[in-house]
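Asker: Here it is, the structure, as structure tokens.
Protein chains in written order, with this note's numbering: chain A, 25 to 374; chain B, 6 to 461.
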């Protein structure tokens with residue numbers, strides 16, 4: 025009986041200390057929300073806008089001086105701009121969706137019949153004209169189709185003047201869309217970021233009634249992109265063995281896209297972006313369950329490594345190197361499962 | 006004794022650790038608005054969550070169906086997603102259903118997202134359906150593929166009126182009056198126009214699973230109980246059964262099933278044909294593409310796009326312990342808002358999915374048609390719904406509308422009401438008495454009613 029009482033006391037103390045740790049160690053998440061808001065999300069959007077501006081400049085150079093060298097510079101500028109966009113897909117919530125900006129940036133597939141028809145028309149191709157077209161006639165993938173060609177091997181003689189004209193206007197339109205997106209979050213413009221950093225704060229208006237709600241938003245965004253990469257972007261071409269279902273096939277950029285999507289998860293989870301490193305979701309999870317935190321970090325890195333290790337191009341690998349693609353897919357699914365079944369419940373129970 | 010004290014302490018400690026458990030214990034009966042499909046949360050992506058009671062197979066299908074809902078269509082021939090148009094309103098399901106919520110009211114008339122115009126000639130067809138407008142059909146497609154003419158453009162003017170409360174406070178109400186311009190051929194001058202904004206798509210599977218008899222039981226077509234509220238089921242053409250059956254979906258309950266609703270949206274909104282509606286919306290018109298590529302989506306895609314809204318979670322109510330919310334809840338009943346916004350149903354056996362069956366749900370709709378007065382009337386009939394009647398829209402998720410869709414995600418069929426208060430004040434007809442009683446309430450009580458609605 026005495027042993028039982030001692031045991032019960034021990035259980036009580038453990039339970040109490042568990043509570044104390046949960047409740048007292050951290051009950052304010054403003055620093056995390058501020059860091060993810062400013063140093064990850066806003067910084068990614070700023071980088072995206074800077075890179076699409078460089079792309080527009082490169083395509084203007086190409087129109088003025090259509091050389092092989094300028095074509096390669098434009099292609100590299102496209103790849104550079106693609107990085108922050110893919111790294112923003114872990115937080116596709118808010119204005120990017122509500123204000124209908126996403127379709128102007130990343131509509132897929134390209135409407136090839138209509139694109140050819142527009143090019144063959146006498147219409148003057150200005151930024152305003154492109155702005156008025158459907159998303160499938162502008163944005164990253166339309167530019168990709170025009171500068172890389174359907175087989176990815178397009179060279180300068182294969183271009184005509186209308187394509188250069190279209191590319192210039194289309195890249196200006198893309199830059200306009202990325203600037204609009206950046207400004208929706210920017211504090212001195214539409215200031216959507218205030219919703220995140222001021223979540224649950226008395227005296228502030230926010231779409232989030234609590235910091236927990238803002239954190240749930242962020243973690244849900246990570247789950248969404250992990251699902252999209254594993255079960256959409258990788259699975260559709262892989263399971264149907266159909267190269268036409270591959271999103272960035274013309275540029276042979278799919279592996280980079282997938283890896284940057286997972287880096288998007290890494291950035292928000294770890295609170296890091298480029299050279300800055302601050303508070304992230306990890307700072308909550310590590311306190312609650314260090315095992316889960318370690319697992320998530322390892323699974324993020326394992327997923328990126330597996331994607332980068334897919335043999336050859338993604339286009340050929342879905343036929344010739346399926347195990348390496350399946351391995352990458354499984355690694356992303358593992359990460360998705362942990363985010364869904366371990367990380368999200370911790371956040372939802374804050 | 007020690008054991009007893011320890012037990013109390015332990016319970017106390019554990020319950021302070023686990024707030025979620027505590028909430029479940031004290032839960033109000035109508036917290037779980039969608040029964041076992043309910044989830045907690047108050048964030049933008051809350052309408053994009055799978056129902057938590059899906060089995061593994063269903064969850065996998067839900068994820069695949071999410072992609073079908075997001076698929077963007079382009080001009081045929083295309084290796085991927087060909088078949089858009091030739092005339093259309095949008096190129097993807099999610100282009101209108103923003104984050105699965107209601108579409109924001111478009112700020113720019115030339116950049117419409119989730120707003121469209123249904124059109125018809127005066128009168129009815131043999132089954133009560135609206136009469137097609139020659140060369141236009143039943144819906145204005147205001148976009149078209151390159152080198153094709155859209156049927157027309159939409160424009161509007163604002164009509165402003167003022168409502169005065171008993172306490173003297175005035176509220177300004179704005180109503181858009183729509184017109185059609187730049188038509189590709191002459192439009193008859195006597196057409197009827199009904200503007201429609203894309204509604205949220207949560208909870209639709211549950212509404213489909215309600216037994217028809219339970220909906221019919223709420224009907225009171227001749228107002229036999231003399232409470233000023235009739236309630237009429239719409240009987241609409243069911244293409245699968247080739248018969249008139251109960252309408253449940255759409256602003257006038259014009260569609261009987263989610264499958265038909267989805268196939269109709271593909272066909273009319275995107276110009277995409279399916280086995281359900283294999284004829285292009287532009288058939289017989291000058292813009293028809295003449296391609297023999299129908300159906301443009303297969304049955305699996307149609308089923309997936311139907312399953313996606315069927316399998317979405319419904320958000321739980323929030324702030325249920327708030328005194329103001331609860332005062333508003335009582336007033337909602339006293340004002341007889343329940344007369345149409347019927348709080349509760351128990352779903353029957355869904356034809357295909359057990360997770361929708363036998364659920365106690367709180368959609369706050371009777372799925373019946375009600376005369377809503379001149380202010381809301383569109384003057385266009387749709388089967389048994391006349392030009393003043395609308396189906397009671399479900400209210401679940403109402404308080405999350407602006408979070409999900411943004412500040413321009415407005416209320417009512419044409420998105421005219423910027424606030425819930427404005428939406429209440431637009432009620433008329435069978436809701437005239439309730440609305441007028443609301444106008445006599447004190448400011449605090451009016452706020453309480455709105456706070457209750459925001460808890461949904």
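Glycine residues also receive a C-beta, built at the ideal position from the N, C-alpha and C atoms.
#1: Report the three-state DSSP secondary structure of residue 237/A (helix, strand or coil).
#2: What ranges does the alpha helix (DSSP H) occupy inside the region 203-247 of chain B, keeping only unbroken runs of at least 4 residues that lie completely in it?
#3: Along the chain, where does the alpha helix (DSSP H) containing residue 120/A start, and where does it finish?
#4: Nearest by alpha-carbon distance to residue 363/B: which of 371/B, 129/B and 354/B is it?
#5: When you compare only the Cα positions, how much space is there between residue 119/A and residue 77/B?
#6: Anything in chain B within Cβ reach of residue 193/A, meaning under 8 Å, just list it in chain order.
#7: To the nearest angstrom, how far is it from the Cα of residue 232/A to the Cα of residue 402/B?
#8: Answer with buried or exposed for residue 113/B, where buried requires no fewer than 16 other C-beta atoms within 10 angstroms of its C-beta.
#9: Give the range of the alpha helix (DSSP H) segment to which residue 192/A is assigned.
#10: Can you find at least 3 beta carbon pairs, one from the region 277-297 of chain B and one from the region 314-334 of chain B, that sit closer than 8 Å?
#11: List, in order along the chain, the chain B residues whose C-beta lies closer than 8 Å to that of residue 146/A?
#12: In the DSSP assignment, find the unbroken beta strand (DSSP E) run with residue 124/B in it and report its ends.
#13: Going by CA-CA distance only, name the one from 53/A, 63/A and 58/A that's closest to residue 300/A.
#14: List the residues that DSSP assigns as beta-bridge partners of residue 43/B.
#15: Mind checking the region 85-104 of chain A against chain B and listing, in chain order, the residues whose C-beta falls within less than 7 Å of any C-beta there?
#16: The region 401-429 of chain B: which residues have C-beta closer than 7 Å to a C-beta of chain A, in chain order?
#17: Between residue 273/B and chain A, is there a C-beta pair that is closer than 8 Å?
#18: Hey, residue 116/A and residue 250/A are a contact pair by Cβ (cut 8 Å); roughly how many whole angstroms apart?
#19: Between residue 445/B and chain A, is there a C-beta pair that is closer than 8 Å?
#20: Taking residue 133/A and residue 85/B to be in contact with their CB atoms under 8 Å, please state how far apart those CB atoms are, rounded to whole angstroms.
#21: What number of angstroms, rounded off, separates the C-alpha of residue 130/B from the C-alpha of residue 136/B?
#22: Could you tell me the alpha carbon to alpha carbon distance between residue 219/B and residue 38/B, rounded to whole angstroms?
#23: Could you tell me which uninterrupted alpha helix (DSSP H) segments, each at least 4 residues in length, are contained entirely in the region 235-314 of chain B, listed from first to last along the chain?
#24: What residues in the region 166-182 of chain A have a beta carbon less than 9 Å from any beta carbon of chain E?
#25: In the DSSP assignment, what residue or residues form a beta bridge with residue 35/B?
#26: Quick check: is any heavy atom of the ligand NAD less than 7 Å from the C-beta of residue 221/A?
#27: Between which residues of its own chain and residue 176/A is the CB-CB distance below 8 Å, once the five residues before and five after are set aside?
#28: Expressed to the nearest angstrom, what Euclidean distance is found between the alpha-carbon atoms of residue 229/B and residue 366/B?
#29: Between residue 20/A and residue 80/B, how many whole angstroms is the CB-CB distance? I'm expecting something under 8 Å.
#30: Please state the DSSP three-state secondary structure of residue 28/B.
#31: Please confirm whether residue 121/A has its beta-carbon closer than 8 Å to some beta-carbon of chain B.
#32: With DSSP as the reference, please indicate the residues paired to residue 135/B in a beta bridge.
#33: Specify, as a first and last residue, the run of the beta strand (DSSP E) that residue 68/B falls within.
#34: Taking the Cβ atom as the reference point for each residue, do residue 240/A and residue 370/A lie within a distance shorter than 8 Å?
#35: How should residue 92/A be labelled, buried or exposed, when 16 other C-beta atoms within 10 angstroms of its C-beta is the threshold for buried?
#36: Taking residue 73/A as the reference, give the member of 55/A, 114/A and 205/A with the closest Cα.
Answerer: Answer, in terms of the structure:
#1: helix
#2: 209-214 and 217-221
#3: 119-122
#4: 354/B
#5: 20 Å
#6: What residue 193/A touches in chain B: nothing, since even the nearest Cβ is about 15 Å away.
#7: 15 Å
#8: exposed
#9: 185-209
#10: no
#11: Going along chain B, no residue has its Cβ under 8 Å from residue 146/A, so there is no contact; the nearest lies around 12 Å.
#12: 120-129
#13: 63/A
#14: 319/B
#15: none
#16: 408, 410 and 411
#17: no
#18: The pair is not a contact, with the Cβ atoms about 12 Å apart (cut-off 8 Å).
#19: no
#20: 5 Å
#21: 6 Å
#22: 18 Å
#23: 263-270
#24: In summary, chain E is missing from the structure at hand, where the protein chains are A and B.
#25: DSSP lists no partner for residue 35/B.
#26: With respect to the ligand NAD, the structure offers nothing, as it holds no ligand at all.
#27: 273, 274, 275 and 276
#28: 27 Å
#29: With chain A running from 25 to 374 in the structure shown, residue 20/A is simply not present.
#30: Residue placement at residue 28/B cannot be trusted, given a pLDDT of 38 that sits under 50; what the coordinates show is reported in the next sentence. The answer is helix: DSSP assigns residue 28/B an H, G or I state.
#31: yes
#32: 129/B
#33: Looking at the DSSP string, residue 68/B is not in any beta strand (DSSP E); the run it does join, the alpha helix (DSSP H), is 61-75.
#34: no
#35: exposed
#36: 205/A
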